[in-house]
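All remarks here apply to the structure that follows.
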Amino acid sequence: MKLKTFRALAAIAALAGRCLALPGACTTVHTKNGIINGFTDSSAAPGVVQFLGIPYGEAPVGDRRWLPALPRRPFDAPLDALAQGPSCPQTDPPITGRAWSAEFLIRPGSPGEDCLYLNVWAPLGASEKSLPVVVWIHGGGFTEGGGDVAYQIPAKWVQRSQKHIVVGINYRLGLFGFPNAAGLDPKEQNLGLLDQRLGIEWVRDNIAQFGGDPSRIILWGQSAGAVSVSYYQYAFAEDPIAIGFIKNSGSPFISVAVSDPTHSNFSALAAGFGCTKEDELNCLRKIPFREIQEYRVKAQLSFGIVVDEKMVFSNYPERTLAGKIAQGPAITGTTRNEGVIPGNPGPLPANATVPGDSRYGCPAHFEASLRGAAGLTTWRYMYSANFTNIMPGGQGAFHSADLPLFFGTHDIARGQSTPFEYELSNVMQDLYLAFIEDPAAGLTKKGWEPTPPGPLGTIQTGVDLGHNGVLIQKGMAAWTTPPICWSGDYRLATIPSARLRATISHPSAPKQTLQAPRSLPGNRTGYKVRASVPLRSGRPRQHDKVSGPPSAIETASPSPRDMRKMASGLHSTSVAGGAVFTADDPCGAPRPTILKI
């Protein structure tokens, strides 16, 4: 007994010595994997404990390359979580354009194949609490990204709020995360998505030790991360772990899946190293990952998501309407100029909104429509601001432009942020925090109503963030379908589902008259809309009051004929939060009156 006591005391003394050696204050947690030591950064976020580089899965190397990750075994000794783990293998970002895009990219040289790590940012003293938890899934087209992207470090946000915990997860990318190899189980080709689930399970099992509430987990992703969150809602509909979902610039209707049924790209990769057809996997597992990556770039081989009917499905509209989706509320948003990618400074292309519409705006619109038809709660936003310390002014609200504002990292490079920039960032963080704390009603309490439920074609409402120097405009982004959304992959009439088509062909409602401004001033702050009853299918159940110069405009629920007019660009009158306007913006972000929340 004395020997055991002595050993226990010695272990405590050794742990205390390790903590004293850490930068800032030391915080120790006891997880199912073992003891983890975190630290505070007194210069940047003194009220936040950071636990960086926590392994959640066994290293996917050697014989484990291209196999589903295994849960991490218990640690042999206390883990000092002081630095980020490696980002997963990817091509190092090009030098060109880094002057403006460096903060959106991982650190050069940081990738490594042993990359299944996560990071935790928690308020100091949170271990005695039970806080909501946000799990962040980074974007990057399923080919790049990681935990060390400067604009995506949440320490400043956690420092400001002291009300939530953020966890960021690395997952395998590109050919290592989505190999599409003939020798693998067809249900285990989307390894990166399986990694995400393993990381979320680790959070569920351990976050209480950090002060988090495992029953209050929110998934948040951007771009490919938002697509991942969307896929996750369907793949784990019966056991989602999370109770709410936030998706910036991503939807299950964004076309990212590759079609390579003969596995030709993986076979070409193997042939490049002299591997036989029968021994592709075993042969390539012996090749260093950097050599494989370099050859892939040279041979211009692409790898990505495949439809496997386990993690990624081929029938999302039907699954949504059948209720085969996690039922939690969701936020879905886009930026005004999604077609512009950070790192390409210069004049804004004249058609920048067109690729943004077809790739991001239309999928977001149809996802919200389907969720509404299925009775699921959805909030929509558009981000419209541009700040020249993040990107030159000509780029507008480009793809990813909203992230520095949500994370509170907008002031880390190229000069001080403006007062409006700080104010907008605070508003955006507070809106997300309201959802994180109460996914069902937090935003409604803030004055941001969800888009009305109803059949496909129901007018969608939302908020516009930072447009024309206004913090937030309610009802601004009605996102009545722009004409481009009625063509190609997004033409609803071509969806192969009689049930889905039936939801479109509902009868027109009786026409009613609303009063709306004849024109709007440039700053759009002169009028306010007071919508007393949510609108459904463009049909107000009582008149909404609008102040300003009157103009009588008739509107009704869109009929199939109306929708055909939309497709040809003839239908130009829409309703947003009680205001009637003309859809004069080709990116589908019309200009109604303003309600500041």
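Numbered according to mature numbering (1 follows the signal peptide of the UniProt record, and there is no 0), the sequence shown spans residues -21 to -1, 1 to 576. Yeah, the Cβ is synthetic: ideal placement off N, Cα and C, and Gly gets one too.
- Beyond the five residues adjoining it in sequence on each side, H242 comes within less than 7 Å, by CB distance, of N159, A160 and A161 in the same chain, given in chain order.
- Judged by their CB atoms, F83 and P321 are nearer to each other than the 9 Å cut-off.
- Membership of L61 in any beta strand (DSSP E) is not indicated, and neither H nor E is assigned to it by DSSP.
- Distances from the alpha-carbon of P111 to those of G251, W100, P434 and T357 put W100 closest.
- Each of G178, G32 and H9 was checked against the Cα of Q63, and the nearest Cα belongs to G32.
- Check the Cα spacing between Y130 and each of T313, C67, Y213 and A392: the tightest is with A392.
- As the crow flies, the alpha-carbon of Y211 is around 33 Å from that of K256.
- Residue pairing of Y96 in beta bridges, as defined by DSSP: P34.
- Taking all protein chains in view, the Cβ of D287 is crowded by 16 or more other Cβ atoms within 10 Å, so the residue is classified as buried.
- K277 sits in a helix when the DSSP states are folded into three classes.
- When C-beta atoms of the segment 198 to 213 are compared with those of the segment 229 to 236, three or more pairs fall below 8 Å, so the two segments count as touching.
- Here the segment 384 to 399 makes no contact with the segment 421 to 430; the two share fewer than three CB pairs at distances below 8 Å.
- One Cα belongs to L450, the other to K142, and the distance between them is close to 23 Å.
- Under DSSP, N316 shares a beta bridge with F377.
- A309 counts as buried, since at least 16 other C-beta atoms from the protein chains shown sit within 10 angstroms of its C-beta.
- A residue is called buried once 16 or more other Cβ atoms fall within 10 Å of its Cβ, and N365 is buried on that count.
- When the five nearest sequence neighbours on each side are left out, the beta carbons in the same chain lying within less than 6 Å of the beta carbon of A60 are those of I15, G17, F30, L31, G32 and I33, in order along the chain.
- Distance from the CA atom of P342 to the CA atom of V319, rounded to whole angstroms, is 17 Å.
- The three-state reading of DSSP puts C262 in helix, counting H, G and I together.
- Boundaries around H344 are those of the alpha helix (DSSP H), C341 to A352, since no beta strand (DSSP E) includes it.
- Per DSSP, V406 has no beta-bridge partner at all.
- Annotation for G13: P53 and F54 place their beta carbon closer than 6 Å to its own, counting only its chain and skipping 5 residues before and after.
- Under the rule that a run must span 4 or more residues, the alpha helix (DSSP H) segments found entirely inside the segment 191 to 242 read 203 to 214.
- Cβ neighbours of T299 within its own chain (closer than 7 Å, five residues either side excluded): L349, R350 and A353.
- Per DSSP, reduced to three states, the secondary structure at N16 is strand.
- In chain order, I116, I148, Y150, S207 and Y211 place their CB closer than 8 Å to the CB of Q175, counting only its own chain and leaving out the 5 sequence neighbours on each side.
- Linking F386 to E37 through their CA atoms gives a straight-line distance of about 29 Å.
- Within the segment 113 to 160, the complete beta strand (DSSP E) segments of 3 residues or longer fall at 144 to 148, listed in chain order.
- Apart from sequence neighbours up to five positions away, the residues of its chain that approach L154 with a beta-carbon distance below 6 Å are R275 and F282, ordered along the chain.
- Residue state for Q175 is assigned as helix, using DSSP reduced to three classes.
- Counting only the Cα atoms, G251 lies some 48 Å from A187.
- For K424, the enclosing alpha helix (DSSP H) covers residues G421 to K424.
- If you compare the alpha carbons of R183, L172 and Y339 with that of M361, the shortest gap goes to Y339.
- Assigned with DSSP and collapsed to three states, Q168 falls in coil, not helix or strand.
- Contact between A380 and T314 holds, since their C-beta atoms are separated by about 5 Å, short of 8 Å.
- Residue L444 holds the alpha-carbon nearest to the alpha-carbon of D409 among Q395, L444, G433 and T397.
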